[in-house]
Amino acid sequence: MKNLIITAVLVTTAATTTSAHAQFVVTDPANLASGILNSANEIVQTSNTVSNVVKNFNEVKKVYEQGKEYYDKLKAVNNLVKDARKVQQTVLLVGDVSDMYVNNFGKMLNDPSFNTQELTAIANGYSTLLNESTELLKELKQIVTSTNLSLNDKERMDVIDRVYKEVKDYHNLVRYFTNKNISVSYLRAKKQNNTQRVLNLYGTADQKYW
């Protein structure tokens, strides 16, 4: 029964409304993350001008926005057993990695501190970290949806725990990577006595996690 609940977390989530007949949103978070990653890779591979970076990033945003409803509704699901909640939190961490990338890289595109080559390098960094998170999510999906009986429940939950911890590490790396890039912009702006520009763009330390 637990495996069925965990599988359900990966592929469906109910809309949390006051209606007793809430509709289900059916999606595959591993495929969703892969779609964001594929669009992100386009920035690295084909972006040799700012306009191309912006154009390709808009494709990333489209894919992300298509999945945002899924992540938002998954956050609202509370009545899960402990094991299923670990799966839910892993999926949400990957969603948050995508969120950090989309929201912050979008601001960096409007930051004069970065040139085209630097933006492409930053995009490559995000793409690499997102790729690792996505591969772990695929591994998680395989474990909880597999009909292979070679793993007992304890072994399956050990894999879920490991994947959760590794995804959390990559989540922290994306946060750190974002912070470092914003710090570069801040230092460059400081030399020009224009730190307020950075604060206006990214928010103050109290307003934002960086």
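If you want the numbering used here, it's the position in the sequence shown, counting the first as 1, plus 5.
Here a beta-carbon is modelled for each residue, glycine too, at the ideal position from N, C-alpha and C.
Predicted model, so just to flag it, every value in this text is computed and none were measured.
When you compare only the Cα positions, how much space is there between residue 97 and residue 194? 34 angstroms
Using the Cα positions of residue 43 and residue 158, report the straight-line distance between them to the nearest angstrom. 33 angstroms
Can you tell me whether residue 158 is helix, strand or coil according to DSSP? helix
Stretch-stretch touch, CB-based, cutoff 8 angstroms, three pairs: the segment 78-90 with the segment 113-127: no
When DSSP labels each residue in this structure, what does residue 119 get in the three-state scheme? coil
Near residue 76, which residues of its chain fall below 7 angstroms by C-beta distance, leaving aside the five closest residues on each side in sequence? 97 and 100
Among 111, 201, 80 and 48, nearest to residue 132 - alpha-carbon criterion: 48
Any idea what DSSP makes of residue 134, helix, strand or coil? helix
Straight-line CA distance for residue 201 to residue 183? 18 angstroms
Beta-carbon gap between residue 114 and residue 65 smaller than 8 angstroms: no
Take residue 162 and list the residues in its own chain whose beta-carbon comes closer than 7 angstroms to its own, dropping the five residues that flank it on each side. 88
Tell me where the alpha helix (DSSP H) around residue 79 begins and ends. 55-80
Just confirm the distance between the C-beta atoms of residue 38 and residue 103, as a whole number of angstroms; I'd bet it's less than 8 angstroms. 7 angstroms
Output needed for residue 164: all residues of its chain with C-beta closer than 6 angstroms, excluding positions within five of it in sequence on either side, in chain order. 148
Report the start-end ranges of each alpha helix (DSSP H) in the segment 171-212 that is 4 residues or longer and not cut off at the edges. 200-207
Taking 8 angstroms as the cut-off, decide whether the C-beta atoms of residue 35 and residue 135 are in contact. no
Local conformation of residue 84 per DSSP, three classes: coil
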